[in-house]
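Going by numbering that gives the first Met the number 0, 73 is the number at position 74 of the sequence shown; the sequence numbering is gapless.
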Amino acid sequence: MTLDATPFMPDHGHGSPIPAFSTDEGSGTYTLEPVNLFMPGYWETTLTIVNPNGTDSPDDDFDLDTVVFVFFIDG
Ligand SMILES: [Cu+2]
0 MTLDATPFMP
10 DHGHGSPIPA
20 FSTDEGSGTY
30 TLEPVNLFMP
40 GYWETTLTIV
50 NPNGTDSPDD
60 DFDLDTVVFV
70 FFIDG
């Protein structure tokens with residue numbers, strides 16, 4: 000399983016030019032970096048769980064495949 004992170008600024012209609020990569024640290028802990036929120040404003044970062052076969056599995060232990068974290072970078 001991997002995590003994909005996609006930062007997006009809905010007010011400006013753009014994302015980040017630098018992709019984020021996940022590292023499995025074990026025991027259910029993942030590190031995502033770099034998550035480049037390069038300008039002040041409202042950001043939505045969508046985390047998507049990707050199973051090894053690239054698709055959602057009805058047999059996995061979780062029902063949630065995506066979650067959106069919002070950040071406001073004060074500039
Ligand atoms: Cu922007």
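Just so you know, even glycine gets a beta-carbon here, dropped at the ideal spot from N, CA and C.
Between which two residues does the beta strand (DSSP E) carrying residue i extend?
i	result
Val-49	40–49
Gly-25	20–25
Leu-31	28–32
Between residue i and residue j, how many whole angstroms is the CB-CB distance? I'm expecting something under 8 Å.
i	j	result
Pro-9	Val-34	In fact, because the Cβ distance is near 17 Å, the residues do not count as touching under 8 Å.
Glu-43	Val-67	5 Å
Leu-2	Leu-36	Their Cβ separation, rounded to whole angstroms, is 17 Å, which puts Leu-2 and Leu-36 out of contact at 8 Å.
Pro-39	Gly-14	In fact, because the Cβ distance is near 16 Å, the residues do not count as touching under 8 Å.
Alpha carbon to alpha carbon, how far is residue i from residue j?
i	j	result
Val-69	Tyr-41	7 Å
Val-49	Ala-4	11 Å
Gly-27	Ala-19	18 Å
Glu-32	Met-0	16 Å
Within the structure, which residues are defined as neighbours of ligand 1 by a Cβ-heavy atom distance below 5 Å, reported in chain order?
-> Met-8, His-11, Met-38
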